[in-house]
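Q:
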Amino acid sequence: MSITLIENQSSYDFKHERVNQMADRLLNINWYQHVGTIHDDAQNKAEKFLQSLNIANYEIKWISKDEIGNIYDTIRLTNSSLWEALKVLPDRLKEKIDQSGQEEILNEIVYHLPEAVFHEVYKGAFKTFSDESFIRFLVGHAMYISVLACAWELAANINEWGENPFAYLVDILEMGHIPLGSNNQTFYIM
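Mapping to the numbering used here: the sequence shown position 26 is 487, numbers consecutive.
1) Roughly how many angstroms separate the alpha carbons of Ile596 and Tyr493, rounded to a whole number?
2) Helix, strand or coil: how does DSSP classify Ile521 here?
3) Using CA coordinates, which residue listed in Gly562, His495, Tyr649 and Tyr629 is at the minimum distance from Ser615?
4) Would you check if there are 3 or more beta carbon pairs closer than 8 Å linking the region 533-553 to the region 631-640?
5) If we ignore side chains and look at the alpha-carbon of each, how far apart do Asp632 and Glu576 end up?
6) What is the C-beta distance between Ala507 and Phe648, in whole angstroms, given that I count them as a contact (C-beta under 8 Å)?
7) Please give the ranges of any alpha helix (DSSP H) in the region 487-548, keeping only runs that are unbroken, at least 4 residues long and fully inside the region.
8) Going straight from the alpha carbon of Asn489 to that of Leu567, what length do you get?
9) Tell me where the alpha helix (DSSP H) around Phe568 begins and ends.
10) Could you spell out where the beta strand (DSSP E) holding Gly642 opens and where it closes?
11) Helix, strand or coil for Ile619? Go by DSSP, reduced to three states.
12) In angstroms, rounded to a whole number, what distance separates the CA positions of Ala612 and Asn515?
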């Protein structure tokens, strides 16, 4: 399944193409298909994600489906250096995108991408997990990553917005895993 986020493609520059490429990646994920298995590549992508945000001293830990009940309740971004790096990004991205005159594309991303991603994410989460609150968490989690990954692609050619750290999280999702989040200085993958 693929969508074009912007109807009049010819009026936008290459940044539009990058957004569509990222959106296509997100819309073609087989959500959560490998939860319960461990892939070194996914752990490497998590390490690259943290490094790209200049975050050090993190332990990356795999958890099983059986452990999720115990871990899910402890995931709190607010007690971590990861949150300190992440909490400023949406506003900084919006400011840079607005300054570049691309706020209309950002609005298209914010309003249309979550809806496009929602159904497949929900279907994958419902098929894999039974806890309704965790399924809701996963849907919100996927939409958050999706919007930030595409917004970063929109801002990618602005000087300080080079490497897209959220692309590493999309890589993990494409592998069928979940980059769950953190508790203190531990980053969990499932």
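C-beta atoms are modelled at their ideal positions from N, C-alpha and C, and glycine is treated no differently.
A: This is what the structure holds:
1) If you take the alpha carbons of Ile596 and Tyr493, they lie about 11 Å apart.
2) strand
3) Sequence check: residue 615 is Leu here, not Ser. Here the closest residue by C-alpha is Gly562.
4) no
5) Across the structure, Asp632 and Glu576 are spaced so that their CA atoms are roughly 21 Å apart.
6) 6 Å
7) 501-513, 529-533 and 542-547
8) If you take the alpha carbons of Asn489 and Leu567, they lie about 21 Å apart.
9) Correcting the residue identity first, residue 568 is Asn in this sequence and not Phe. Per DSSP, Asn568 belongs to the alpha helix (DSSP H) from Glu564 to Thr589.
10) Membership of Gly642 in the beta strand (DSSP E) is indicated by the continuous run Pro640 to Asn644.
11) coil
12) 20 Å
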